[in-house]
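S.K.: Heads up: the sequence lines are chains A and B, in that order. Residues in the first sequence are numbered from 1 upward in steps of one, following this note's numbering. Residues in the second sequence are numbered from 1 upward in steps of one, following this note's numbering.
Number of protein chains: 2
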Amino acid sequence: MLEQYPSKLLERAVDEMAKLPGVGRKTALRLVLHLLKRDTPEVLALTQALATLRQEVRYCKCCHSISDTELCQICASPSRDRTLLCVVENLQGVMAIEATGQFHGLYHVLGGIISPMDGIGPGDIEVESLVERVAAGGIGEVIFALSPTMEGDTTNFYISRRLRPYEVKLTTLARGVSVGDDLEYTDEVTLGRSLLGRVPLA
Amino acid sequence: MLEQYPSKLLERAVDEMAKLPGVGRKTALRLVLHLLKRDTPEVLALTQALATLRQEVRYCKCCHSISDTELCQICASPSRDRTLLCVVENLQGVMAIEATGQFHGLYHVLGGIISPMDGIGPGDIEVESLVERVAAGGIGEVIFALSPTMEGDTTNFYISRRLRPYEVKLTTLARGVSVGDDLEYTDEVTLGRSLLGRVPLA
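(1) Rounded to whole angstroms, what's the CA-CA distance from residue 24/B to residue 23/A? Just pull it up for me.
(2) Applying the criterion that 16 or more other CB atoms from any shown protein chain within 10 Å of the CB defines a buried residue, is residue 137/B buried or exposed?
(3) Name the DSSP bridge partner or partners of residue 107/B?
(4) Can you list, in chain order, the stretches of the beta strand (DSSP E) that have 3 or more residues and sit fully within the stretch 89-151 of chain B?
(5) Going by C-alpha to C-alpha distance, which of 188/B, 139/B, 190/B sits closest to residue 171/B?
(6) Among the residues of its own chain, which have a CB less than 8 Å from the CB of residue 61/B, if the five just before and after it don't count?
(7) Within 8 Å of any Cβ in chain B, is that where the Cβ of residue 248/A sits?
(8) Verify whether the separation of the beta carbon atoms of residue 88/B and residue 109/B is less than 8 Å.
(9) Report, in whole angstroms, the separation of the C-beta atoms of residue 86/A and residue 143/A, which I expect to be a contact under 8 Å.
(10) Can you pull the chain B neighbours of residue 52/A, defined as C-beta to C-beta under 9 Å?
(11) For residue 21/B, which residues in chain A fall below 9 Å Cβ to Cβ?
(12) Take every Cβ of the stretch 152-165 of chain A, pair it with every Cβ of the stretch 178-196 of chain A, and state whether three or more of those distances are shorter than 8 Å.
(13) Would you kindly report the start and end of the unbroken alpha helix (DSSP H) that includes residue 8/B?
(14) How is the alpha helix (DSSP H) around residue 47/B delimited, first residue to last?
(15) Given residue 97/A, which residues of its chain have a CB within under 8 Å of its CB, disregarding the five upstream and five downstream residues?
(16) For the stretch 172-180 of chain A against the stretch 18-38 of chain A, do three or more pairs of beta-carbon atoms, one drawn from each stretch, fall closer than 8 Å, so that the two count as touching?
(17) By the three-class DSSP mapping on this structure, what secondary structure does residue 186/B have?
(18) Taking 8 Å as the threshold (C-beta atoms), are residue 68/B and residue 8/A in contact?
(19) For the alpha helix (DSSP H) containing residue 31/A, list its first residue and its last residue.
(20) Between which residues of its own chain and residue 80/A is the CB-CB distance below 8 Å, once the five residues before and five after are set aside?
(21) What residues from chain A crowd round residue 68/B, counting only those whose CB sits closer than 9 Å?
(22) Tell me which residue opens and which closes the beta strand (DSSP E) that residue 169/A is part of.
(23) Of all Cβ atoms in chain B, is any one closer than 8 Å to the Cβ of residue 96/A?
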């Protein structure tokens, strides 16, 4: 049996590739061998895009989302409602909310979520800058749009306590049965919460 | 709705990442944002490992497997049986056969498989060098260990015709019911072939 890969260069590439989340050693080998079949300039386009992004990435000084400019296009837009602030965990959160077309306020990207199990505390995410934005005034409502998980709830709870001294409305995304879901397959926690949070028929 | 990613650097990285096989744009974004959370030296370790491999990769001059040396460790080993040659599609084939511990001969890595649908003909893979190795003499048996697919069968057929002029035994991996498989769930083609290829009870 081969005790290792037949090449140190290959082994190093597979080792590094396998550090990506959700990529095991078999997948890493498959991806690396795929790259070997592509032309060198194509592979360098990938590696340079990743290296350049990591080295030159900038974050919006206001909402902390990834941006090529000092202020991101959303924060800089004159047509957004500056009294509404939506708190999200990361860029995917911004993109998911933007895709609904239902929100026209500004964002605040925490860059993570409080998770004592992973050693991530309030100091590791953009909480202070959020408190400063709210303290500066002008914001009427802060909408929490974090994942409906234990960590999301912990983060909601911590931040809402920090924001309580300020005159600002705090809300969170409605939790309930998904549109189009079959009740039979809805988990009991979600169903129980939608029952408790029932709304009048429109 | 955001019409594009908030940063050109990010968009370029996601575009390049999404070219990897089995990686869609959502996965690409997740992987790229994961890399942004890692330290710059760690990301450069990945990109440099990939770039170095692509630029400096070498292939064994005998079996065409990936190797850091002119002759790979298997071809260079004095303990391997030089009369047995196993033909595989790629490095994964070598690793799979080596993992069985049942083969002690040499390999020939085709670097692909004949696939007219994908425009891959005999000239695109290492067929000529295989014919040369066999023509040089000393090889008693060539074992075809390609995938049991239409393309694998086509490749077996083409190469076996090219090798017919030489005095060499041509064999292929046995096809049949997998060890531990339930007959009820074995597909009918495999079951039909194992019936036709039935062997005397030992």
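By construction, the Cβ of each residue, glycine as well, lies at the ideal position given by its N, Cα and C atoms.
M.R.: Concretely, from the data shown:
(1) One alpha carbon belongs to residue 24/B, the other to residue 23/A, and they sit about 14 Å apart.
(2) exposed
(3) 86/B
(4) 106-109, 141-144
(5) 139/B
(6) 70, 71
(7) This structure gives no information on residue 248/A, because the portion of chain A shown stretches from 1 to 202.
(8) yes
(9) 5 Å
(10) 9, 12, 13
(11) 30, 31, 34
(12) no
(13) If you look at residue 8/B, you'll find it in the alpha helix (DSSP H) that goes 8-17.
(14) 40-56
(15) 86, 88, 103, 107, 145
(16) no
(17) DSSP, reduced to helix, strand and coil, places residue 186/B outside both helices and strands of the structure shown, so it counts as coil.
(18) Closer than 8 Å, so yes.
(19) 25-37
(20) 74, 104, 105, 106
(21) 6, 7, 8, 9, 10
(22) 169-172
(23) no
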